[in-house]
Structures are given as C-alpha cells and as structure tokens.
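Residue numbers for the sequence shown follow this note's numbering, beginning at 131 and rising by one.
Glycine included, C-beta positions come from ideal geometry on N, C-alpha and C.
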Amino acid sequence: MKHWTLPALLLLFISCNTTTPDHNLSIAPIDSSLIELKLINGQLLKDSLNHELWYKKARLSEQQKDTGNAIRYYTYSIKIYPTPPAMLSLANLLAERRDPAALIVCANISTSFTDKTHLPDLFFIKGVYHARTGNTPKALANFDSCIYSNYRYLEAYMEKGFLLSDQKQIQPALTIFATVLKLDPLYTDGYYWMGKCYEKLGKKDSAVYNYQKALSLDPALTEATTAIKRLQ
Numbered sequence: 131m132k133h134w135t136l137p138a139l140l141l142l143f144i145s146c147n148t149t150t151p152d153h154n155l156s157i158a159p160i161d162s163s164l165i166e167l168k169l170i171n172g173q174l175l176k177d178s179l180n181h182e183l184w185y186k187k188a189r190l191s192e193q194q195k196d197t198g199n200a201i202r203y204y205t206y207s208i209k210i211y212p213t214p215p216a217m218l219s220l221a222n223l224l225a226e227r228r229d230p231a232a233l234i235v236c237a238n239i240s241t242s243f244t245d246k247t248h249l250p251d252l253f254f255i256k257g258v259y260h261a262r263t264g265n266t267p268k269a270l271a272n273f274d275s276c277i278y279s280n281y282r283y284l285e286a287y288m289e290k291g292f293l294l295s296d297q298k299q300i301q302p303a304l305t306i307f308a309t310v311l312k313l314d315p316l317y318t319d320g321y322y323w324m325g326k327c328y329e330k331l332g333k334k335d336s337a338v339y340n341y342q343k344a345l346s347l348d349p350a351l352t353e354a355t356t357a358i359k360r361l362q
C-alpha cells in the first residue's frame with residue numbers, strides 16, 4: 131500500500147481540481163442593445179409619454195433590423211412631441227419600404243421646421259423613395275439637389291452611382307464613386323463599387339485592386355472576398 135506524504139496529497143488535490151481550458155467552448159457575447167431595450171421598457175412603464183424614450187426604443191429596434199417596430203415607435207415619439215430626428219428617421223424607413231407616407235412626413239418637416247438645416251436630408255429621403263419605386267429621373271434630381279445642398283453628403287453620391295450602374299452607365303458611375311473617395315479616402319463602399327465598375331468594364335486588375343482596398347478597410351466584407359476569388 132502506498133503512503134502519501136502531505137506535499138504529494140496537495141499536488142494530487144490541485145491536479146484534480148484544475149481544469150484545462152476548452153478552446154472549443156465559446157461564451158456568447160452579451161447583446162448590450164437588448165439590455166438597453168429592457169431598461170427603456172422599464173422606464174416606459176413609469177413614463178409612457180416620454181417621447182425621447184420612444185425615440186431611443188425605435189433606434190434600438192432599427193439597429194436590430196426590426197423595421198416594423200422601429201416605425202411604430204418613431205410614430206409614438208412623434209405623436210407625443212415631433213422632433214426632426216424622429217421624423218427624418220421615420221421618413222427614411224418609410225422611403226426604403228416604398229411607402230408614399232415618406233413624402234408626407236418630409237412635407238410635414240418642411241412645414242414645421244422652416245430653416246434649411248434639414249434640406250439635404252429631405253432631398254436624400256425623397257431620392258431614396260423615388261429610387262426604390264423605380265422613378266429614376268426624380269431620384270437622380272433629388273440626389274443632385276441633396277449634393278448641391280451639402281457636397282459632402284456621401285450617401286447621396288453612392289445612391290446616384292447605384293442608379294447609374296443599374297442603367298449600365300458604368301463610366302459616369304465610376305466617376306461618382308471616385309468623387310466619393312476624394313471626399314473620404316477611407317470610405318469602404320466607394321472602393322467596393324469602384325471594383326464592381328471596373329469589373330463590368332473588363333478591367334480585372336483595377337477591379338481586384340479596389341476590392342482589395344475595400345477588404346483592407348473592412349475584412350468582414352465577404353462580397354469583396356468573393357469577387358477577388360472570382361477574378362483570380
């Protein structure tokens with residue numbers, strides 16, 4: 131029979147109670163937006179007429195791609211107290227859904243807030259609505275007006291480039307995306323769409339270069355990875 135000394139017993143105890151990390155196990159990340167949403171719901175139980183809380187809840191729903199509830203919560207916020215951020219956010223979601231109510235909200239903003247602060251946003255949202263409903267001339271006109279009002283409104287340039295690309299006007303679209311990159315050399319989508327344009331023009335080397343630039347800025351851009359593999 132083996133006699134264990136005290137140090138040996140201690141070593142045995144330690145070895146039995148020490149777990150080896152399992153690198154195959156992963157802990158699911160905590161979704162901070164869900165936690166914040168629960169906090170807001172608790173606050174709304176006490177103060178259901180707080181327009182800022184409804185606005186925050188709408189923003190969180192929008193971040194979670196819950197467009198239906200985001201629209202509903204923005205609407206609640208506006209009914210309590212209309213503010214430009216809530217109205218613009220609502221109009222933008224409605225425009226993406228091809229809902230003509232987007233134009234009504236834009237008109238209400240123009241009437242209620244007569245300064246020119248929100249003019250570029252209004253042109254942009256109306257452009258999005260007309261682009262999504264297939265009225266390309268009106269969409270382009272509104273995007274041009276948006277850019278004229280704010281020449282650094284990059285989203286308007288991009289939307290205009292998408293429309294031109296869809297119409298097979300590749301060289302004009304390429305010029306638009308190049309302008310975006312002059313205004314912001316770190317704009318990932320600008321490089322990605324430059325790549326798409328060059329690919330359509332049959333310039334594979336230039337296409338790959340721009341896809342790689344996009345990928346260097348956003349390694350998670352799987353579309354760029356797929357495009358590079360396709361071309362190489």
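Here's the rule: buried if 16 or more other CB atoms are within 10 angstroms of the residue's CB, otherwise exposed. What is K195? Using a 10 angstroms sphere on the CB of K195, the tally of other CB atoms stays under 16, which defines it as exposed.
State the Cα-Cα distance for the pair K290 and L175, rounded to the nearest angstrom. C-alpha separation (whole angstroms): 44 Å.
Enumerate in chain order the residues of its own chain whose CB-to-CB distance from Y206 is below 6 Å, with the five nearest sequence positions on each side excluded. Closer than 6 Å at the Cβ level, and outside the excluded window around Y206, lie W184.
N272 versus I234 - alpha carbon distance: When rounded, the separation of the alpha-carbon atoms in N272 and I234 is 16 Å.
Contact set for S336: own chain, Cβ-Cβ below 7 Å, skip 5 residues either direction: The answer, listed in chain order, is Y328.
Separation of S219 from K209, as counted between CA atoms: The alpha-carbon atoms of K209 and S219 are separated by roughly 14 Å.
Which residues in the same chain as A188 place their Cβ atom closer than 6 Å to its Cβ, once the five residues preceding and following it in sequence are excluded? When the five nearest sequence neighbours on each side are left out, the beta carbons in the same chain lying within less than 6 Å of the beta carbon of A188 are those of A200, Y203 and Y204, in order along the chain.
Just tell me which of T247, I300, L304 and A308 has its CA closest to the CA of N280. Ranking the options by Cα distance to N280, first place goes to T247.
Beta-carbon within less than 8 Å of E353's beta-carbon, same chain only, minus the 5 sequence neighbours each way: which residues are those? So the list reads Y322, once near-sequence residues are dropped.
Taking the alpha-carbon positions, what's the A357 to V338 distance? A straight line joining the alpha-carbon of A357 with that of V338 spans about 8 Å.
Since A225 and Y259 should fall inside the 8 Å C-beta cutoff, what is the C-beta to C-beta distance between them, to a whole number of angstroms? Contact between A225 and Y259 is confirmed by a C-beta separation of about 4 Å, below the 8 Å threshold.
Let me confirm a value: G198 is counted as buried when at least 16 other C-beta atoms fall within 10 Å, else exposed. Which label applies? Result: exposed.
Would the beta-carbon of L294 be found less than 6 Å away from any heavy atom of the ligand SAM? The model depicted lacks the ligand SAM and carries no ligand whatsoever.
With P267 as the anchor, note down where its alpha helix (DSSP H) starts and where it stops. Note, P267: alpha helix (DSSP H), T266 to S279.
When burial is assigned at 16 or more other CB atoms within 10 Å of the CB, is K186 buried or exposed? Around the beta-carbon of K186, 16 or more other beta-carbon atoms lie within 10 Å, marking it buried.
Contacts around Q173, its chain only, beta-carbon distance under 8 Å, and the 5 residues preceding and following it disregarded: Closer than 8 Å at the Cβ level, and outside the excluded window around Q173, lie N180 and L183.
Would you report the Cα separation of S163 and S178, rounded to the nearest angstrom? So the alpha carbons of these two residues sit roughly 20 Å apart.
Within this structure, are the beta carbons of P250 and Y283 separated by less than 7 Å? Cβ distance < 7 Å, so P250 and Y283 count as in contact.
Start and end residues, alpha helix (DSSP H) containing S207: In the DSSP assignment, S207 falls within the unbroken alpha helix (DSSP H) covering T197 to I210.
Residue span of the alpha helix (DSSP H) that contains G332, given as start and end: G332: not part of any alpha helix (DSSP H); DSSP gives it neither H nor E.
For Y122, three-class secondary structure by DSSP: Not covered by the structure: residue 122. The range shown for the chain is 131 to 362.
Helix, strand or coil at L351 according to DSSP, with G and I counted as helix: When secondary structure is reduced to three states using DSSP, L351 falls in the coil class, being assigned neither helix nor strand.
Given a cut-off of 7 Å, decide if A221 and A232 are closer than it, judged by their beta-carbon atoms. The answer is yes: Cβ separation under 7 Å.
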